[in-house]
Amino acid sequence: MASRTRARCRRRDGCACAHARDGPGHHRFDDLRDNILSTVSHELRTPLTSIIGFSLTLKEHGSEIADTTGAEIVGHLNEQAGKLDRLLSDLLDLDRLRHGSIRPMFRPTGVGRLASHVAANHAADGNPVAVRADSIVAAVDAPKVERIVDNLLANAVKYTPAGTEISIRVERANGGVLIAVDDRGPGVPEERREEIFDIFNRGGEGSTKTPGTGIGLSLVAQFAALHNGRVWVEENPGGGASFRVYLPAEQTASARAPR
Ligand SMILES: Nc1ncnc2c1ncn2[C@@H]1O[C@H](COP(=O)(O)OP(=O)(O)OP(=O)(O)O)[C@@H](O)[C@H]1O
Ligand SMILES: [Mg+2]
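The letter at position 206 of the sequence shown is residue 189 when you use my numbering, and the numbering goes up by one with no holes.
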């Protein structure tokens, strides 16, 4: 009688686990950890190298450098440190989400005002950002919605040609709030419109030349889910991508300042 044997684990590190190779749950966390280690160490290196280089220049030539050049160098240092800060926040959030230790705090928030505030932080990034925001007050977790908008705007800036317009809309829809971030970049091909929300999925050849970890959109999806909402991407009718987030958030009368 033919017997079915399970395919043995074939990890090269001598793993003797009882899971079937490629079976459900097999080394999921090991794989996640390996992915995090390789992606993050790669993404850490670039800003760290810049910080080391710029700070060394200041240390060795600080007294000879003109004020304007010094200010420029400090600006670069600040920008690179911001990238590290952002990466660290993403990792901490991933960890908290994985452990289920994020408890969203839904408070009345001016969502349009919040979006304008985040858009203003991207004003110097090289693309004009147009904001069309209804004055909506809804019960959301403001820091999470800030991260959603920030990640979508950061992507729009990163994946579209400099100078092309990005727009963000915040409007009422089906008793909740719809946030749409539209750009004029290459858009997302139909066959990739779901997978890009998976962690570490960077969606194709082109993006491998662009720095990134593939964490951003998975966080957007998980933060939307904390609100019982969802995120998806469509083709922008004018060409480019249109990322949409729907939050079925209850609308209230008074707002808390975004921060
Ligand atoms: N506005 C956009 N236009 C075109 N492609 C996009 C856009 N936003 C995201 N993508 C695609 O989706 C992929 C996943 O995006 P995600 O934000 O998760 O990761 P990332 O930008 O590569 O890295 P990071 O974690 O640093 O944000 C990107 O690598 C890119 O291929
Ligand atoms: Mg991103």
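Quick reminder that beta carbons are idealized off the backbone N, C-alpha and C, glycines included.
In this structure the segment 71 to 81 does not touch the segment 37 to 48; the number of beta carbon pairs closer than 8 Å is below three. Nearest Cα to residue 203 within the set 133, 69, 155 and 18: 133. As DSSP reads the structure, residue 225 sits in a beta bridge with 165 and 217.
Listed as beta-bridge partners of residue 159 by DSSP are 156. In the structure shown, the three-state DSSP call for residue 207 is helix. Counting every other CB atom within 10 Å of its CB across the protein chains shown gives residue 150 a total of 16 or more, marking it as buried. Counting C-beta atoms within 10 angstroms of its own C-beta, residue 124 has 16 or more neighbours from the protein chains shown and is therefore classed as buried.
Of the residues assessed, residue 166 falls on the buried side of the cut-off, its CB having 16 or more other CB atoms within 10 angstroms.
Taking non-hydrogen atoms of ligand 2 into account, the C-beta of residue 71 is found less than 7 Å away from none of them. Remark: the C-beta of residue 104 is outside contact range of ligand 2, defined as less than 7 Å to any heavy atom. Secondary structure of residue 182 (DSSP, three-state): coil. Ranked by Cα distance from residue 110, the options 85, 144 and 92 are led by 144.
Near ligand 2, meaning a beta-carbon closer than 7 Å to one of its heavy atoms, we find 134, 137, 138, 141, 195, 199 and 200. Taking the C-beta atoms as reference points, residue 171 is found no nearer than 8 Å to residue 119. In this structure, the straight-line span from the alpha carbon of residue 91 to that of residue 227 is close to 21 Å.
The shortest CA-to-CA distance from residue 70 to any of 222, 82 and 199 is the one to 199.
Contact between the segment 21 to 38 and the segment 46 to 63 is present: 3 or more CB-CB pairs across the two stretches fall below 8 Å. Within the chosen limit of 7 Å, ligand 1 does not reach the beta carbon of residue 112 with any heavy atom. Cα atoms of residue 183 and residue 142: separation of roughly 16 Å, rounded to the nearest angstrom. Straight-line spacing of the CA atoms in residue 24 and residue 153 works out to 36 Å. Rounded to whole angstroms, the gap between the alpha carbons of residue 178 and residue 138 is 16 Å.
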